[in-house]
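In full-length UniProt numbering, the protein residues as written are 1 to 139.
No residue lacks a Cβ here, since even glycine has one placed at the ideal position from N, Cα and C.
Okay, structure first, notes after.
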DNA sequence: GCCAACGTTGGC
DNA sequence: GCCAACGTTGGC
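Encoded structure:
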């Protein structure tokens, strides 16, 4: 069981947009980065991830679940790009901000901190539990 | 709005 | 296969 983090600009695709899709979920399309794509290829149905808002907000705002494994990105004809489908699971009672994450030595090794530009990234189980705890989310 | 960091592209 | 140029991302 692996844990993940999906990053999105709320002006493009927000947590609210994701919630509005309900259990049907939505493709995590638009990824044009090999590292991010490769992580999506590793994802299994049922695995969980954080939904992170970049740009102005910069916070973990909820959890999502993978509901379909990697398949071709319907938004492009380029066969290189694939994506998974995810659905919203639970909104954070207290969004965990990037500042909080950076200030916590237990979270200093997060990819979010180390490689801020990667839009799909793995999260360790320890990081998962800690952020869930801070956010008031069920792990 | 700026800029650093990083990934990709294309010429050689 | 290297590397300069360029484009994009995202934090500040």
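Around the CB of residue 92, 16 or more other CB atoms lie within 10 Å, so the residue is classed as buried.
Exclusion of the five residues before and after residue 102 leaves 108 and 113 as the residues of its chain whose Cβ lies within less than 8 Å of its Cβ. Between the C-alpha atoms of residue 73 and residue 81 there is a straight-line separation of about 6 Å.
Contact between residue 63 and residue 48 holds, since their C-beta atoms are separated by about 6 Å, short of 8 Å. Taking a contact as a CB-CB distance under 8 Å, the pair residue 59 and residue 118 does not count as one, their CB atoms being some 17 Å apart. No Cβ-Cβ contact shorter than 8 Å links residue 53 with residue 116.
Spatial neighbours of residue 79 in its own chain (CB-CB distance under 8 Å, excluding positions within 5 residues in sequence) are listed in chain order as 72.
Under a 10 Å Cβ-count criterion, residue 8 is classified as buried, with 16 or more other Cβ atoms of the shown protein chains found around its own Cβ. For residue 112, the enclosing alpha helix (DSSP H) covers residues 111-114. DSSP, read as helix, strand or coil, puts residue 37 in helix. When 96, 83 and 43 are compared, the shortest CA-CA separation from residue 4 is found for 43.
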